[in-house]
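First the structure, in the form of C-alpha cells, and then the observations on it.
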Amino acid sequence: MEPDGLHVSLGNYSGVIADALAQARRDNVVQRIWSKDASLWKTDAAHQKIIRNSLGWLTVASEMSAVADDLFDFANKIRGPGGFKHVMLCGMGGSSLCPEVIRQTFEQQSGYPKLLVLDSTDPDVLSSFANQVDIDHCLFIIASKSGTTTEPLVFYKYWYNQVKQRRQNPGESFVAITDPGTRMVEMATEDNFRRIFLNRPDIGGRYSALSYFGMVPAALIGVDIRKLLSRAEGMMRSCSAESAGEDNPGALLGAIVGECANAGRDKLTIVTGQPIAALGLWIEQLVAESTGKEGKGILPVNGEPLGPPSVYTDDRVFVSIAVGKSDGETYRALKALEAAGHPVVYRSLKDSYDLGKEFFLWEFATAFAGWRLSINPFDQPNVQESKDATRELLEYFTREGKLQEQTVLASDGVLNVYADEQTSEFLPSTSVLEALRAHLAGVRKRGYIALLDYVEETPEIEAAIQTIRTHLRDRT
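Numbering-wise, the sequence shown is residues 500 to 975 according to our numbering.
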C-alpha cells in the first residue's frame, strides 16, 4: 500500500486495519467527512453543532489559492529598501505552530523580511526577541482565532506601546489575523492596523495551517504559497470522496493511528529530518489536542532519538517523514523496529513544499482517527478551563505581587519537589532523589512520563532535555 507516497509496514496489525478500512467503505466514512456529516462522530446536538462549525479546513487550501496574488502584493508592499526587515508573529498554539514550522523549514528569501515567532511570555524570551529586531522596521502579526487569548493580547499591548513611543502611526507596524467579529477586530480597527485578515470562523486553531494563519506569514517572508497550496490541493484530491479505502492516504493513515491506539499502541512516535524537522511540532499539537478526551487519546512523541527495539514496549507506532529517504542511521533504526514487530509508516516527500501535502494529510487522518476512537476531534473541552485557571493565577499575581505559594515536599537547595495532595501521600519527603525514585517507580505499563519545561529554548537546554528523556526511556 503506497497511496501518494505513503509506505506502511503493519506487521500483526494488517488485519484489523484492513477491517477498519472495510467498515469505512460500508459506512461511507470518507464521503461523510467531505459532506460535513457531523453524525459521523457524535449524535448529540451540542457536539454536532461544534463539528459543523469546524470543517472549513477541508476546502480552505483552494480558497487561499484564490487570494494568493493579494498576499503576494501585500508582501511586496512591506519589503524592500526602507521597508520591514523583520516580521514577528505573536500567537499561541494553533495560531503560531504552523508559522514556526514555516520559519524553521524555509531559508530566508533574498529581499524579504526574516520571520520570528513569539509564543512565550517568559521574560528572557521576550528580552531576547527585543534584542533581535529593529522595532522601527518590524511588522508585528497578532494572531488569535478567538481574539481574546491572553498571551497574544499581552504581546499586542507590549509591542504597541513600544512602537507608539517611536512613531506617530504605530498601527502601520501591525497586522491582525483573527475570526470575524472578535474583540481583536475592534482593537485592530481602533488602532488603525495596516491590515486585518479575517479567517473562516469554521476552522479550529490547530486545523488552520492552510488558512490565513499559516499563509500570511509564509507569503510575507517570500515562500511561494502558490506552490505550497498547489501541493495541498493535490493531497485533497488524493483524499477525495472517490477514494474511500486504502488508496486514500488520509483514510489509511487515520485508520493506522486510530486502530493502533484502540489496540494499546497509542504512542505516535514522529521521526522527521531536515529540512522539515519542525513539522513534528505541528503534528504533535494537532493529534494530541484533537484526540485527547473522554479518557482516550493518541500521545505524540516528537523529536525523540530512536533507540534499539529493546527500549520500547508494545505501545508504539512509528511515522517517518523525510525529504527523499531517511538518513542511513535513521533508516536502519526504523527497519530494526519494523523487524521487531512495531508498525512503521514511511512518508517520502519531494521537497520542502510538500509541507502543503502533509498539512492536509494529517488533518484528514486526524479526523478519520477521531471516527475510529469514537470521539469528537474538533472540540477542546479543557481549553476554556485552562484559560480560566490562567486568568485566576494572573489576577492573584496582580493583586498580591507573587504567585500562590505551594508546599514543598522535598528540596536539596537547587531542586524542589511539589505534589498535589493525592500524589504526596505515596512520595517520601526525605530527599529529592527518593521522591523522584518513588514517582518514577509508579509508571504503569504503557504509561508515560511528561517533561514540561517552561523555559527559554536554547541548544543547551534542548540537549539537556534530550539527555533526560532518553535516560528515562531506557531505564523505566
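All residues carry an ideal CB built from backbone N, CA and C; glycine is no exception. In this text, all values refer to a predicted model and were calculated from it rather than measured experimentally.
Exercise for the section: Measure the Cβ-Cβ separation of A934 and V907 and say whether it is below 7 Å. Expected result: Position 435 of the sequence shown, counting from 1, holds the residue named residue 934. Position 408 of the sequence shown, counting from 1, holds the residue named residue 907. Not in contact: A934 and V907 (Cβ atoms no closer than 7 Å).
Among K792, S809, G779 and T812, which has the Cα closest to the Cα of P799? Along the sequence shown, one-based indexing puts residue 799 at 300. The residue with the shortest Cα to Cα distance from P799 is G779.
Check: Nearest CA to the CA of R578: which residue from A567, K613, A750 and S564?
Finding: By one-based count along the sequence shown, residue 578 stands at place 79. Comparing Cα-Cα distances from R578 to each of A567, K613, A750 and S564, the minimum goes to K613.
Determine the DSSP secondary structure at Y830, reduced to helix, strand or coil. Numbered from 1 along the sequence shown, position 331 holds the residue referred to as residue 830. Note: Y830 maps to helix in three-state DSSP.
Note to self: Taking only three categories from DSSP, how would you classify T648?
What the structure shows: Your numbering for residue 648 matches position 149 in the sequence shown. Here T648 sits in coil by DSSP.
Practice prompt. Starting from A953, follow its DSSP beta bridges and name the residues at the other end.
Written response: Stepping through the sequence shown from its first residue, residue 953 is reached at position 454. According to the sequence as given, residue 953 is Tyr; it is not Ala. Looking at the DSSP assignment, Y953 forms no beta bridge with any residue, so it has no partner.
Is S737 near D503, with beta carbons less than 7 Å apart? Stepping through the sequence shown from its first residue, residue 737 is reached at position 238. Stepping through the sequence shown from its first residue, residue 503 is reached at position 4. A contact, by the Cβ cut-off of 7 Å.
- Task: Taking P876 and G869 to be in contact with their CB atoms under 8 Å, please state how far apart those CB atoms are, rounded to whole angstroms.
- Result: As a first step, residue 876 must be located in the sequence shown, where it is residue number 377. As a first step, residue 869 must be located in the sequence shown, where it is residue number 370. Right, their Cβ atoms sit about 3 Å apart.
Leaving out five residues before and five after F692 in sequence, what residues of the same chain have Cβ atoms less than 7 Å from its Cβ?
On the sequence shown, residue 692 is found 193 positions in, with the first residue counted as 1. Same-chain partners within the cutoff: G670, F673, V674 and A675.
- Message: Suppose the cutoff is 7 Å on Cβ atoms and the five residues either side in sequence are ignored; what does the same chain contact list for V786 look like?
- Response: To locate residue 786, count along the sequence shown from 1; it is residue 287. Hits under 7 Å: L767, I797, P799 and T865.
- prompt: What residue from G827, P927 and G900 has the CA that sits closest to G772's CA?
  reply: Residue mapping note: residue 772 aligns to position 273 of the sequence shown, counting from 1. Per the Cα distances, G827.
- Buried or exposed by the 16-neighbour rule on C-beta atoms within 10 Å, applied to F896: Counting from one through the sequence shown, the residue named residue 896 turns up at place 397. F896 is exposed by the Cβ-count criterion.
Exercise. Measure the alpha-carbon distance for E884 versus D746 and round it to whole angstroms.
Key: Here the question's residue 884 lines up with position 385 in the sequence shown. Here the question's residue 746 lines up with position 247 in the sequence shown. Spanning the two alpha carbons is a distance of roughly 40 Å.
Legend entry - For V507: DSSP bridge partner residues: Locating residue 507 in the sequence shown gives position 8, counting from the first residue. Looking at the DSSP assignment, V507 forms a beta bridge with V844.
- So, helix, strand or coil for R694, using DSSP? Along the sequence shown, one-based indexing puts residue 694 at 195. Strand at R694.
Item to complete: Could you check the C-alpha separation between K849 and V818 for me, to the nearest Å?
Response: Along the sequence shown, one-based indexing puts residue 849 at 350. Along the sequence shown, one-based indexing puts residue 818 at 319. Their Cα atoms are separated by approximately 17 Å.
Mind the definition here: the stretch 886-895 touches the stretch 537-556 only if three or more C-beta pairs lie below 8 Å; say whether that holds. no
Is it true that the CB of R705 sits closer than 7 Å to the CB of E788? As a first step, residue 788 must be located in the sequence shown, where it is residue number 289. As a first step, residue 705 must be located in the sequence shown, where it is residue number 206. A contact, by the Cβ cut-off of 7 Å.
Query - Where T688 falls: helix, strand or coil (DSSP) - result: Locating residue 688 in the sequence shown gives position 189, where the first residue counts as 1. Reduced to three states, the DSSP call for T688 is helix.
**Item:** Residue of Y611, A629 and R666 minimising C-alpha distance to S619
**Value:** The count along the sequence shown starts at 1 and reaches residue 619 at position 120. Comparing Cα-Cα distances from S619 to each of Y611, A629 and R666, the minimum goes to A629.
Where the alpha helix (DSSP H) containing A777 begins and where it ends: In the sequence shown, counting from the first residue as 1, residue 777 sits at position 278. Element bounds for A777: n/a, residue is neither H nor E.
Check your understanding: For the beta strand (DSSP E) that contains P799, what are its first and last residues?
Key -> Numbered from 1 along the sequence shown, position 300 holds the residue referred to as residue 799. Element bounds for P799: L798 to N801.
Top-ranked residue by Cα proximity to G749, from W861, M683 and Y655:
The sequence position of residue 749 within the sequence shown is 250, counting from 1. Nearest C-alpha to G749: W861.
Roughly how far, in whole angstroms, is the beta-carbon of A839 from the beta-carbon of P808, given that I think they are within contact range, below 8 Å?
Locating residue 839 in the sequence shown gives position 340, where the first residue counts as 1. Locating residue 808 in the sequence shown gives position 309, where the first residue counts as 1. The Cβ separation is near 4 Å, so the contact holds.
field: Cβ distance (whole Å) where M714 is taken to contact L570 below 8 Å
entry: Taking the first residue of the sequence shown as 1, we reach residue 714 at position 215. Taking the first residue of the sequence shown as 1, we reach residue 570 at position 71. Contact holds; Cβ gap of about 6 Å.
Okay, do the stretch 720-736 and the stretch 660-667 touch, 3+ Cβ pairs below 8 Å being the bar? no
Worksheet item: Considering only residues of the same chain and omitting the five flanking positions on each side of G744, which have a CB-CB separation below 6 Å?
Response: For this step, residue 744 is matched to residue 245 along the sequence shown. L520 and R524, listed in sequence order.
By a C-beta neighbour count over all protein chains shown, 10 Å radius and 16 as the cutoff for buried, is F925 buried or exposed? Translated into the one-based positions of the sequence shown, residue 925 becomes position 426. Counting Cβ neighbours within 10 Å, F925 comes out exposed, since fewer than 16 surround it.
- Message: Using a 10 Å radius around the Cβ and a threshold of 16 neighbouring Cβ atoms, would you call K824 buried or exposed?
- Response: Here residue 824 corresponds to residue number 325 of the sequence shown, with the count starting at 1. Exposed.
What number of angstroms, rounded off, separates the C-alpha of F863 from the C-alpha of S873? Sequence index remark: in the sequence shown, residue 863 carries index 364 (1-based). Sequence index remark: in the sequence shown, residue 873 carries index 374 (1-based). When rounded, the distance between both Cα atoms is 16 Å.
Please report the straight-line C-alpha distance between L638 and R682, rounded to a whole angstrom. Position 139 of the sequence shown holds residue 638. Position 183 of the sequence shown holds residue 682. Between L638 and R682, the C-alpha separation is close to 21 Å.
Looking only at its own chain, which residues have a Cβ that is under 8 Å from the Cβ of S742, when we skip the five neighbours before and after it? Indexing the sequence shown from 1 puts residue 742 at position 243. Contacts found: P502, V529 and A750.
Next item on the list: Determine the direct distance from the alpha carbon of R974 to that of S729, and round the result to whole angstroms.
Entry: Mapped onto the sequence shown, residue 729 falls at position 230. Mapped onto the sequence shown, residue 974 falls at position 475. Going by the C-alpha atoms only, they are around 46 Å apart.
Which residues in the same chain have their Cβ closer than 8 Å to the Cβ of G941, if we skip the five residues on either side of it in sequence? If you number the sequence shown from 1, residue 941 lands on position 442. Correct list, in chain order: F925.
- Presumed contact (8 Å Cβ cut-off) between F859 and G757, rounded CB distance: Locating residue 859 in the sequence shown gives position 360, where the first residue counts as 1. Locating residue 757 in the sequence shown gives position 258, where the first residue counts as 1. With a Cβ gap of about 18 Å, F859 and G757 do not count as contacting.
Item to check | Runs of alpha helix (DSSP H) wholly within the stretch 842-922 (minimum 4 residues, chain order) | outcome: 854-872 and 882-899
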